[in-house]
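In order, the protein sequence lines correspond to chains A and B. Numbered according to numbering that gives the first Met the number 0, the first sequence terminates at residue 258, and the numbering increases by one at each position without gaps. Numbered according to numbering that gives the first Met the number 0, the second sequence terminates at residue 258, and the numbering increases by one at each position without gaps.
Number of protein chains: 2
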Amino acid sequence: MIIVKVGGRALPNFRSIAEDLRDHQPFILVHGGGDVVTEYSRRMGIEPRIVTSPSGIRSRYTDERELEVFTMVLAGKVNKELVSSLLDVGIPALGISGVDGPTLIAKRKKRIIIMDKGRRRIIPGGYTGKIEEIRTDHLNLLIEGGYNVVMAPLARGSEGEMLNVDGDQAASKLALAIRPSHLILLSDVGGVMWEGNVIRRLTPDEASDLAPKLGMGMNRKLMMAAEVARSGIEVVISSGLVDEPVTNALKDGGTTISI
Amino acid sequence: MIIVKVGGRALPNFRSIAEDLRDHQPFILVHGGGDVVTEYSRRMGIEPRIVTSPSGIRSRYTDERELEVFTMVLAGKVNKELVSSLLDVGIPALGISGVDGPTLIAKRKKRIIIMDKGRRRIIPGGYTGKIEEIRTDHLNLLIEGGYNVVMAPLARGSEGEMLNVDGDQAASKLALAIRPSHLILLSDVGGVMWEGNVIRRLTPDEASDLAPKLGMGMNRKLMMAAEVARSGIEVVISSGLVDEPVTNALKDGGTTISI
Numbered sequence: 000m001i002i003v004k005v006g007g008r009a010l011p012n013f014r015s016i017a018e019d020l021r022d023h024q025p026f027i028l029v030h031g032g033g034d035v036v037t038e039y040s041r042r043m044g045i046e047p048r049i050v051t052s053p054s055g056i057r058s059r060y061t062d063e064r065e066l067e068v069f070t071m072v073l074a075g076k077v078n079k080e081l082v083s084s085l086l087d088v089g090i091p092a093l094g095i096s097g098v099d100g101p102t103l104i105a106k107r108k109k110r111i112i113i114m115d116k117g118r119r120r121i122i123p124g125g126y127t128g129k130i131e132e133i134r135t136d137h138l139n140l141l142i143e144g145g146y147n148v149v150m151a152p153l154a155r156g157s158e159g160e161m162l163n164v165d166g167d168q169a170a171s172k173l174a175l176a177i178r179p180s181h182l183i184l185l186s187d188v189g190g191v192m193w194e195g196n197v198i199r200r201l202t203p204d205e206a207s208d209l210a211p212k213l214g215m216g217m218n219r220k221l222m223m224a225a226e227v228a229r230s231g232i233e234v235v236i237s238s239g240l241v242d243e244p245v246t247n248a249l250k251d252g253g254t255t256i257s258i
Numbered sequence: 000m001i002i003v004k005v006g007g008r009a010l011p012n013f014r015s016i017a018e019d020l021r022d023h024q025p026f027i028l029v030h031g032g033g034d035v036v037t038e039y040s041r042r043m044g045i046e047p048r049i050v051t052s053p054s055g056i057r058s059r060y061t062d063e064r065e066l067e068v069f070t071m072v073l074a075g076k077v078n079k080e081l082v083s084s085l086l087d088v089g090i091p092a093l094g095i096s097g098v099d100g101p102t103l104i105a106k107r108k109k110r111i112i113i114m115d116k117g118r119r120r121i122i123p124g125g126y127t128g129k130i131e132e133i134r135t136d137h138l139n140l141l142i143e144g145g146y147n148v149v150m151a152p153l154a155r156g157s158e159g160e161m162l163n164v165d166g167d168q169a170a171s172k173l174a175l176a177i178r179p180s181h182l183i184l185l186s187d188v189g190g191v192m193w194e195g196n197v198i199r200r201l202t203p204d205e206a207s208d209l210a211p212k213l214g215m216g217m218n219r220k221l222m223m224a225a226e227v228a229r230s231g232i233e234v235v236i237s238s239g240l241v242d243e244p245v246t247n248a249l250k251d252g253g254t255t256i257s258i
């Protein structure tokens with residue numbers, strides 16, 4: 000069993016990913032789609048809001064209206080289109096979100112501090128969560144029954160609210176709970192880049208040491224990959240835009256993090 | 000096991016329906032939500048299109064853009080909100096659509112004839128389907144595993160496209176395939192009305208005879224109810240807006256169609 004995360008930037012190549020996945024069943028596929036959310040938010044008159052933390056980190060702020068768009072676009076449009084593409088190539092698949100079951104239980108920050116015109120200001124935390132618990136009984140039932148599962152990165156909050164969660168985090172936490180042979184993180188880059196080249200192999204310790212020297216997105220991805228790899232699961236960070244992206248990832252065609 | 004269809008007009012009372020469903024597990028719940036689709040279509044600048052058949056029947060025409068809104072609103076927003084409400088009252092639930100599995104396989108009309116300014120015109124059929132096949136293995140897995148299933152009325156077309164399907168039809172076809180003890184169709188009316196009163200009981204034959212004398216919506220609903228009842232499953236058409244709507248339906252609080 001493998002877990003594959005397909006980031007939003009790799010989704011345009013999903014037809015190839017689907018064809019390749021025929022030879023890698025059973026799988027759980029966690030998808031992104033933030034760019035599609037932004038497009039539909041704008042169509043509904045909602046401008047994405049970026050906030051800056053006191054330490055200068057800029058991040059997207061999901062308010063209640065935008066969370067609704069996340070739910071519609073990720074659990075509705077993107078999830079069902081991916082399920083349809085898998086069915087098109089003969090792969091039995093069911094699409095759910097982390098809310099269903101529930102599968103992913105997350106915690107929302109009640110308040111956050113942001114910088115507003117140079118001054119600190121406390122605002123309610125957005126509808127984004129940090130995953131704290133994973134439940135997998137229903138996933139095991141489906142996998143054992145011969146189905147593959149496509150999961151939208153939404154979670155159930157501790158007060159019953161829906162929350163947007165990071166797709167890499169969802170895939171990593173699922174991997175730690177379900178223990179697949181491999182966790183494959185597909186995006187639009189060929190792997191972890193260092194001095195212009197893709198690093199082929201890293202131990203978990205090497206990955207943890209390297210992560211802080213990388214850009215924001217890859218930093219977090221690599222920290223999570225290190226944690227999963229440390230538990231004995233092989234993690235591959237590679238491109239979803241090449242031919243046979245899953246087979247390529249499993250044949251060292253990216254950065255493999257393993258003990 | 001029961002199958003419950005909750006029409007869009009009964010959704011505002013879903014909190015009561017969810018509390019009541021605690022005592023009626025396991026269940027499969029098929030939901031509507033066409034009014035919510037219309038609202039979001041308008042927000043995205045899509046006006047609902049109504050077409051008139053040569054025999055004068057007016058119906059909603061789902062084009063490709065509106066099908067996308069159906070997918071987002073029904074499989075995303077409405078489905079996940081209902082799952083959240085069930086989880087809120089302690090009911091383990093998973094939300095899928097008829098595309099997933101696939102569960103519902105439907106056929107789309109390639110072309111339809113409409114009246115346009117008094118003249119017949121042939122246009123491509125909309126993205127609406129008639130259900131032709133039901134697959135239930137995954138539903139049985141989940142039900143036997145202790146989960147309840149919430150289903151959005153979308154189907155997979157014979158060419159892999161997604162289609163909007165009628166919720167009553169989806170619930171009725173599922174009932175014929177899965178054979179629950181009861182099929183309960185909840186809407187905003189107390190049952191089948193005749194001369195100002197709710198009819199308490201009908202045999203399948205009585206229901207088939209009465210159906211053509213009723214309004215368009217109830218006509219189709221009652222014809223499907225008769226077909227399901229004829230197979231030995233008790234069907235109840237009743238209000239989702241009363242207290243304990245499911246318990247009420249099972250205690251003759253609507254129109255019961257049975258052999």
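Note that beta-carbon positions come from the ideal geometry of N, C-alpha and C, so glycine has one too. Keep in mind it's a predicted model, so treat the numbers as computed, not measured.
Compute the beta-carbon to beta-carbon distance between Val98/A and Met161/A, rounded to the nearest angstrom, for a pair I have assumed lies under 8 Å.
About 6 Å; that satisfies the 8 Å criterion.
Segment limits, alpha helix (DSSP H) that includes Glu205/A:
Note, Glu205/A: alpha helix (DSSP H), Pro203 to Leu209.
Please go through the stretch 43-78 of chain B and give each complete alpha helix (DSSP H) segment of 4 or more residues, from N-terminal end onward.
If we require 4 residues or more, the alpha helix (DSSP H) runs fully inside the stretch 43-78 of chain B come out as 63-69.
Can you find the residues in the same chain that come closer than 7 Å, C-beta to C-beta, to Thr51/A, ignoring five residues on each side of it along the sequence?
For Thr51/A, where only same-chain residues beyond five positions count, the Cβ hits under 7 Å are Arg57, Ile113 and Met114.
Using the Cα positions of Arg59/B and Asp87/A, report the straight-line distance between them to the nearest angstrom.
Per the coordinates, the alpha-carbon of Arg59/B lies some 28 Å from the alpha-carbon of Asp87/A.
Would Leu103/B and Leu153/B be called neighbours here (beta carbons separated by less than 9 Å)?
Contact: yes.
On the DSSP letters alone, give me the boundaries of the beta strand (DSSP E) that Leu185/B sits inside.
The continuous beta strand (DSSP E) containing Leu185/B extends over residues His181 to Ser186.
Please classify Pro101/A: is it buried, with 16 or more other beta-carbons within 10 angstroms of its beta-carbon, or exposed?
Buried, by the Cβ-count rule.
Runs of alpha helix (DSSP H) lying entirely within the stretch 0-26 of chain B, each at least 4 residues, in chain order:
Secondary structure remark: continuous alpha helix (DSSP H) runs of at least 4 residues inside the stretch 0-26 of chain B, in chain order: 13-20.
Taking C-beta to C-beta, are Leu182/B and Ile2/B nearer than 9 Å?
Yes, the Cβ-Cβ distance between Leu182/B and Ile2/B is below 9 Å.
In chain order, what residues of the same chain lie with their CB nearer than 6 Å to the CB of Asn12/A, ignoring the 5 residues before and after it?
Same-chain partners within the cutoff: Gly239 and Leu240.
Counting only beta-carbon separations shorter than 9 Å, does Gly125/A have a partner in chain B?
With its beta carbon at least 9 Å from every one in chain B, Gly125/A lies outside the interface.
What residue does the beta strand (DSSP E) around Arg107/A start on, and which one ends it?
Here the beta strand (DSSP E) through Arg107/A covers Leu103 to Arg107.
For Ile177/B, tell me which candidate among Val191/B, Asp22/B, Asn218/B and Ile27/B has the shortest Cα-Cα distance.
Of Val191/B, Asp22/B, Asn218/B and Ile27/B, the smallest CA-CA separation from Ile177/B is found for Ile27/B.
Span separating the alpha-carbon of Glu233/B from that of Ser180/B:
So the two alpha carbons sit approximately 7 Å from each other.
Anything in the stretch 85-98 of chain B with a Cβ closer than 9 Å to a Cβ of chain A? List those residues in chain order, please.
Those residues of the stretch 85-98 of chain B placed with their C-beta closer than 9 Å to a C-beta in chain A are Leu86, Asp87, Pro91, Ala92, Leu93, Gly94, Ile95, Ser96 and Val98, ordered along the chain.
So, do the stretch 128-141 of chain A and the stretch 60-67 of chain A have three or more beta carbon pairs nearer to each other than 8 Å?
The stretch 128-141 of chain A, when compared against the stretch 60-67 of chain A, does not touch it at the 8 Å Cβ threshold.
Quick one: is His30/A near chain B, going by C-beta distance under 9 Å?
With its beta carbon at least 9 Å from every one in chain B, His30/A lies outside the interface.
Is it true that the CB of Ala225/A sits closer than 9 Å to the CB of Asp251/A?
Contact: no.
Pro244/B lies in the alpha helix (DSSP H); which residues open and close that run?
From DSSP, the alpha helix (DSSP H) with Pro244/B extends over Pro244 to Leu249.
For Gly100/B, which residues in chain A fall below 9 Å Cβ to Cβ?
Within 9 Å Cβ-Cβ: Val82, Leu86, Pro91, Ala92, Leu93 and Tyr146.
Chain A within 9 Å of Met161/B, Cβ atoms only:
Interface residue, yes.
Restricting to Cα atoms, I'd like to know which of Arg42/B, Ser15/B and Leu93/B is closest to Asn147/B.
Cα-wise, what sits closest to Asn147/B is Leu93/B.
Which same chain residues, not among the five before or five after Asp34/A, have their C-beta less than 6 Å away from its C-beta?
Here the set comprises Gly7.
Given a threshold of 16 other Cβ atoms within 10 Å of its Cβ, counted over all protein chains shown, does Arg155/A qualify as buried or as exposed?
The residue is buried, with at least 16 neighbouring Cβ atoms inside 10 Å.
Give me the Cα-Cα distance between Leu209/B and Thr246/B, rounded to the nearest whole angstrom.
Put simply, the backbone Cα of Leu209/B is about 26 Å away from that of Thr246/B.
Any beta carbon from chain A within less than 9 Å of Ile254/B's own beta carbon?
The sequence shown places Thr at residue 254/B, not Ile. Not an interface residue.
Start and end residues, beta strand (DSSP E) containing Asp115/A
DSSP places Asp115/A in the uninterrupted beta strand (DSSP E) bounded by Arg110 to Asp115.
At 7 Å on the CB atoms, spell out the chain B contacts of Thr70/A, in chain order.
Chain-order list of chain B residues neighbouring Thr70/A: Gly75, Lys76 and Lys79, by C-beta distance under 7 Å.
9 Å Cβ cutoff met for Gly128/A and Val164/A:
For the 9 Å CB-CB criterion, Gly128/A and Val164/A form a contact.
Of the residues Gly125/A, Gly145/A and Gly214/A, which one's Cα is nearest the Cα of Ile49/A?
Ranking the options by Cα distance to Ile49/A, first place goes to Gly125/A.
Glu259/B by DSSP, collapsed to three states: which one?
Nothing about residue 259/B can be read from this structure; chain B reaches only from 0 to 258.
Per DSSP, which one or two residues make a beta bridge with Ile236/B?
Among the bridge pairs identified by DSSP, Ile236/B is matched with Leu184/B and Thr254/B.
Contact with chain A by Glu38/B, beta-carbon distance below 9 Å:
Closer than 9 Å: no.
Inter-residue spacing [alpha-carbon to alpha-carbon] between Ser157/A and Asp136/A
In a straight line, the C-alpha of Ser157/A is about 20 Å away from that of Asp136/A.
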